[in-house]
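> In the numbering used here, the protein residues as written are 52 to 222. Glycine residues also receive a C-beta, built at the ideal position from the N, C-alpha and C atoms.
1) In this structure, how does DSSP classify residue 58 when only helix, strand and coil are distinguished?
2) Where do the ends of the alpha helix (DSSP H) carrying residue 201 lie?
3) Buried or exposed, going by whether 16 or more other CB atoms sit within 10 Å of the CB of residue 73?
4) Distance, Cα to Cα, residue 182 vs residue 94?
5) Compute the distance between the beta-carbons of residue 116 and residue 221, then report whether it is under 8 Å.
6) In this structure, how does DSSP classify residue 107 when only helix, strand and coil are distinguished?
7) Could you give the residue range of the beta strand (DSSP E) that holds residue 96?
8) If you check the beta carbons only, do residue 149 and residue 119 fall under 8 Å apart?
9) Below 8 Å on the Cβ atoms is my guess for residue 151 versus residue 174; work out the distance and round it to an integer in Å.
10) Using C-beta distances below 6 Å, list every residue in its chain close to residue 45, excluding the 5 sequence neighbours before and after it, in chain order.
11) For residue 237, which residues of its own chain have a beta-carbon under 6 Å away from its beta-carbon, when the five flanking residues on both sides are left out?
12) Under 7 Å Cβ to Cβ from residue 178, same chain only, skipping five residues before and after it: list those, please.
13) Between the Cα of residue 104 and the Cα atoms of 171, 207, 188, 217, which residue gives the shortest distance?
14) Would you identify the three-state DSSP class for residue 92, choosing helix, strand or coil?
15) Taking all protein chains shown into account, decide if residue 219 is buried (16 or more other Cβ within 10 angstroms of its Cβ) or exposed.
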C-alpha cells in the first residue's frame, strides 16, 4: 500500500466516523422535547382510548403524570413498554398516559390488541405532540401534580432512568 492509498483509506474512515456521529446526534437531537416547556404548564392534549371517552392531561391535574409519546411502528416504543407498565403498577399515585403519534388508527388498534397497557393509551384527538416539542417517538414528558412540565426524556426508557424521573414528580 502506498502513501496515497493509505491517506485516502484513513481519510475515508475518519469522514465516515464523523458522518455517523453527526447523524446519530442529529437524530437524537431531533426527537428531544422543547426545553422552553420546562417549568411551564403542560399544553392541552387529549387521547381517545379504545375503551371510549377521552383522557386529557388537564383532567389529570392533581396527580403527577407520565405522558409517553409512542407509535405502533416504533421498535424502541415496544421495547420500553414493559418498563412503563411495571412502573405504573408500582406507582399508583402517578397517572400514566400513552399518546400515539404519527400513526394510523389501524396501527394503533393492532398495537393495543397485541400489547397490554395498565394505563390509558390511544391516538391524540386534542392538542398535538408538536406543542410538547416532540418530533419523533418515543418521548416522555413528566408533569407534576400542579400541571407543570418538570422534565422530558427522548428515547426508550430503562427502569433506572424512569425511576430517576419519577422521583422528580412522585409525591
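To lay it out plainly:
1) Annotation note: pLDDT 44 at residue 58 (below 50); position unreliable, no value reported.
2) No alpha helix (DSSP H) contains residue 201, which is instead part of the beta strand (DSSP E) from 200-205.
3) Only weak support is given to the placement of residue 73: the predicted model assigns it a pLDDT of 36, under 50, and the question is left unresolved by the model.
4) 6 Å
5) no
6) strand
7) 96-98
8) yes
9) 5 Å
10) Lying outside 52 to 222, the shown extent of the chain, residue 45 is not represented and no answer is given.
11) No answer is possible for residue 237: it lies beyond the span of the chain, which begins at 52 and ends at 222.
12) 94, 95, 96, 97
13) 171
14) strand
15) exposed
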